[in-house]
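Colleague:
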Amino acid sequence: MAPLADQIASRRTFAIISHPDAGKTTLTEKLLLYTGSIQTAGSVKGKSSSKHAVSDWMDIEKERGISVTSSVLQFTYDGCCVNILDTPGHQDFSEDTYRTLMAADAAVMVIDAAKGVEAQTKKLFKVCTLRHIPIFTFVNKLDREARDPFDLMEEIESVLGIGTYPMNWPIGCGQNFRGVFNRRARRVIAFEGDGHANATKKVAEIEAELGAPELGELIGEANHENLMDDIELLDGAGDELDYAAVSCGKLSPVFFGSALTNFGVEPFLKEFLRLAPSPLPYTDTLTGEQVDPQRDDFSGFVFKIQANMDKNHRDRIAFVRICSGKFERGMEAFHMQGGKKLKLATGTSLMADDRAIVDEAYAGDIVGLFDPGIFSIGDTVCTGKTHVQFPEIPTFAPEMFSRITQVNTLKRKQFVKGMEELAQEGAIQIFREPGFGMESVIVGVVGVLQLEVLEQRLKSEYGVEVRRTGLPYTDVRWIKTDPKTFEFSSLNVTRDTLKVEDMRGRRLLLFTSPWNVNWAVDKNPDIELSEVGNWE
Ligand code: G4P
20 MAPLADQIAS RRTFAIISHP DAGKTTLTEK LLLYTGSIQT AGSVKGKSSS KHAVSDWMDI
80 EKERGISVTS SVLQFTYDGC CVNILDTPGH QDFSEDTYRT LMAADAAVMV IDAAKGVEAQ
140 TKKLFKVCTL RHIPIFTFVN KLDREARDPF DLMEEIESVL GIGTYPMNWP IGCGQNFRGV
200 FNRRARRVIA FEGDGHANAT KKVAEIEAEL GAPELGELIG EANHENLMDD IELLDGAGDE
260 LDYAAVSCGK LSPVFFGSAL TNFGVEPFLK EFLRLAPSPL PYTDTLTGEQ VDPQRDDFSG
320 FVFKIQANMD KNHRDRIAFV RICSGKFERG MEAFHMQGGK KLKLATGTSL MADDRAIVDE
380 AYAGDIVGLF DPGIFSIGDT VCTGKTHVQF PEIPTFAPEM FSRITQVNTL KRKQFVKGME
440 ELAQEGAIQI FREPGFGMES VIVGVVGVLQ LEVLEQRLKS EYGVEVRRTG LPYTDVRWIK
500 TDPKTFEFSS LNVTRDTLKV EDMRGRRLLL FTSPWNVNWA VDKNPDIELS EVGNWE
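Heads up, the sequence shown is in my numbering, so the first residue is 20 and it goes up one at a time.
1. What number of angstroms, rounded off, separates the C-alpha of S508 from the C-alpha of Q443?
2. Count the other CB atoms, across all protein chains shown, that sit within 10 Å of the CB of W534; report buried if there are 16 or more and exposed otherwise.
3. Terminal residues of the continuous alpha helix (DSSP H) containing G113?
4. Using CA atoms only, rank isn't needed, just tell me which of L517, G135, R31 and N187 is closest to V495.
5. Just checking, does the segment 391-398 make contact with the segment 406-414 on the three C-beta pairs under 8 Å criterion?
6. Relative to the C-alpha of P39, which candidate in L473, N159 and E224 has its C-alpha closest?
7. Across the segment 148-167 and the segment 258-274, are there enough close Cβ pairs to call them in contact, namely three or more that are closer than 8 Å?
8. Give me, in chain order, the residues of the same chain whose beta-carbon lies closer than 7 Å to that of M172; leave out the 5 immediate sequence neighbours on both sides.
9. Closer than 7 Å by C-beta to V426: which residues in its own chain qualify, once you throw out the five before and the five after it? Chain order, please.
10. Would you check if the segment 334-352 and the segment 133-147 touch, i.e. whether three or more CB-CB distances between them fall below 8 Å?
11. Using the Cα positions of K542 and S343, report the straight-line distance between them to the nearest angstrom.
12. Where does A138 land, buried or exposed, given buried means 16+ other C-beta within 10 angstroms?
13. Buried or exposed: where does F455 fall if 16 or more other Cβ atoms within 10 Å of its Cβ makes it buried?
14. Taking DSSP as the reference, what is the three-state secondary structure of S99?
15. Under the three-state reduction of DSSP, which class applies to H243: helix, strand or coil?
16. Any chance you could list the alpha helix (DSSP H) runs of at least 4 consecutive residues sitting entirely within the segment 247-288, in chain order?
17. Beta carbon of S37: closer than 7 Å to some heavy atom of the ligand G4P?
18. With a threshold of 7 Å, establish whether the CB of L279 neighbours any heavy atom of the ligand G4P.
19. Please tell me whether S297 and I27 are closer than 8 Å, where the distance is taken between their beta carbons.
20. Tell me, which residues are paired with W497 by DSSP?
21. Counting only the same chain and skipping the five closest in sequence on each side, list residues whose C-beta sits under 7 Å from that of D311.
22. Output the distance between the C-alpha atoms of L468 and Y117, rounded to the nearest integer angstrom.
23. If I follow the unbroken beta strand (DSSP E) through N560, where does it start and stop?
24. Output the distance between the C-alpha atoms of F169 and I130, rounded to the nearest integer angstrom.
25. Roughly how many angstroms lie between the CA atoms of A539 and A382, to the nearest whole one?
26. Looking at the ligand G4P, does it come within less than 7 Å of G268, judged from the CB to the closest heavy atom?
27. Considering just the uninterrupted stretch of the beta strand (DSSP E) at F434, what are its terminal residues?
28. Would you report the Cα separation of L363 and F389, rounded to the nearest angstrom?
29. Quick check: the Cα distance between T500 and N511, rounded to an integer number of angstroms?
30. Of all the options L179, A165 and A132, which has the alpha carbon lying nearest to the alpha carbon of T148?
31. Using only CA atoms, which one of G524, R422 and G489 lies nearest to K503?
32. Taking 7 Å as the cut-off, is the C-beta of G437 nearer than that to any heavy atom in the ligand G4P?
33. Whose CA, out of G463, I181 and E290, lies closest to the CA of L527?
34. Relative to the C-alpha of T302, which candidate in T531, F420 and A122 has its C-alpha closest?
35. Regarding D311 and the ligand G4P, is the C-beta to nearest heavy atom distance less than 7 Å?
36. Who does L517 pair with in a DSSP beta bridge?
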């Protein structure tokens with residue numbers, strides 16, 4: 020077994036983001052195919068296939084063909100140990116994407132070559148930039164008619180506000196897509212064969228110098244000439260790849276390919292792994308210092324909690340991103356928020372459809388810990404004499420509110436349990452009016468699909484039917500002022516402003532318009548209002 024330093028240095032942990040249907044799932048699957056992690060394409064997730072993997076565990080995902088929850092896939096390739104964190108494509112789950120990105124050291128943005136930057140690409144990209152991590156672009160579906168690559172790069176730059184640097188360049192598109200030109204190696208990689216849709220085998224590649232006589236036959240004379248013109252244009256622009264700009268997310272290395280036919284997947288993977296960072300340090304809020312991933316002491320934080328992943332076990336898994344050192348199954352670690360030592364007894368990792376027990380893992384890896392209900396999102400676990408604590412993960416302000424009432428009042432216990440567990444998972448935020456019980460709860464979400472998922476999960480996992488009534492609130496403000504210094508009920512707010520408490524007893528106001536927010540600010544000058552609620 021390689022020493023700690025080498026193990027950690029070999030880690031590459033990243034998330035893939037895309038507008039639904041751009042090809043994120045297909046690309047993930049092909050990465051696994053290339054690395055020998057799966058034998059047949061179709062086993063990660065096939066919307067129309069009968070095989071569903073762990074990332075597809077929820078009925079709603081199957082019905083809608085959207086990926087709601089995140090899972091983690093690990094494989095080794097070219098001496099790297101790669102962790103892919105899957106993220107939901109739909110904007111209603113962008114908070115989940117944000118939390119997942121907290122655990123990633125890089126992001127890959129998949130773009131459909133015919134459609135360019137789509138609505139969801141924009142939203143998820145924005146979430147990505149909050150992390151200041153390197154963002155790589157994979158322009159997909161070159162096996163179909165695609166837009167001009169220069170246009171696509173310009174669109175990425177103008178719409179997303181990030182610089183682009185083509186790492187490779189496509190040779191033709193549609194039926195005429197013959198290969199890519201690797202700009203660093205200055206070699207043409209011509210693909211052999213017709214590019215079978217849903218190719219399940221690695222694609223054969225032939226390499227040649229630009230201008231080599233055999234290229235006319237390999238990629239076609241016209242393609243060869245166009246390529247030479249394009250490369251001259253690109254080279255004319257003259258700039259070298261600026262690693263510093265890539266590292267802070269200001270410049271995106273761009274790759275072109277077709278995940279479905281496997282064209283360009285391997286060249287992307289190789290270059291990506293060369294450029295993507297090994298585990299980045301996280302800040303210790305106790306000292307303000309960066310925690311070196313290479314230090315001996317183990318540390319990590321919970322970025323995601325998921326209940327009932329396996330209905331037979333009805334368990335809850337806390338996903339921990341390891342920030343430093345080595346994790347060993349059964350090790351004792353200090354849970355900072357709980358103020359207690361814990362035995363990290365069950366480590367699981369998710370790989371396709373079996374949940375293997377993890378015996379050891381290193382900084383950069385994700386482990387799923389069995390959670391008897393003690394962890395919250397953002398919690399730190401660590402070993403060693405000097406404790407560390409990682410920053411809180413901020414919650415997004417909900418944009419949509421509903422009152423959720425149970426239909427059958429005899430199921431009160433299950434209803435309360437379900438609502439609380441789902442809120443702890445961060446799937447929803449729940450609010451109560453002071454003095455009211457849990458029989459009717461106000462739920463805040465970023466998008467309506469979260470409410471549908473809530474309804475379905477309460478039914479299938481907790482056996483509870485609920486009624487959902489839309490509420491007119493649009494804006495929310497947490498009250499940061501010490502609750503002992505004012506009387507909540509006597510705050511001067513408009514009549515349609517609602518005073519509520521969140522799960523942690525923090526007080527907040529729900530408003531029906533920004534005008535009402537301004538009213539509250541004007542009439543209560545001693546009260547400090549905040550747009551974000553943080554996990555404490
Ligand atoms: P997503 O996770 O980003 O939502 O996209 P996904 O990979 O599921 O791909 C969406 C659709 O696009 C799928 O077709 C998939 O086969 C197709 N696709 C992905 N990559 C490529 C590519 O490089 N070229 C072409 N031509 N198509 C591609 P579908 O018919 O919606 O689903 P399925 O029935 O094939 O699973």
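All residues carry an ideal CB built from backbone N, CA and C; glycine is no exception.
Source: prediction; values computed, not measured.
Modeller: Per the coordinate set shown:
1. 27 Å
2. exposed
3. Note on identity: in this sequence residue 113 is Ser, with Gly being the wrong assignment. Here the alpha helix (DSSP H) through S113 covers S113 to M121.
4. L517
5. yes
6. N159
7. yes
8. T183, P185 and V273
9. E484, V485 and R486
10. no
11. 48 Å
12. exposed
13. exposed
14. Correcting the residue identity first, residue 99 is Cys in this sequence and not Ser. Of the three classes helix, strand and coil, the one that applies to C99 here is strand, per DSSP.
15. helix
16. 262-266
17. yes
18. yes
19. yes
20. L527 and S549
21. P300 and S343
22. 17 Å
23. Not covered by the structure: residue 560. The range shown for the chain is 20 to 555.
24. 14 Å
25. 46 Å
26. no
27. Looking at the DSSP string, F434 is not in any beta strand (DSSP E); the run it does join, the alpha helix (DSSP H), is R431 to Q443.
28. 8 Å
29. 15 Å
30. L179
31. G524
32. no
33. G463
34. A122
35. no
36. L529
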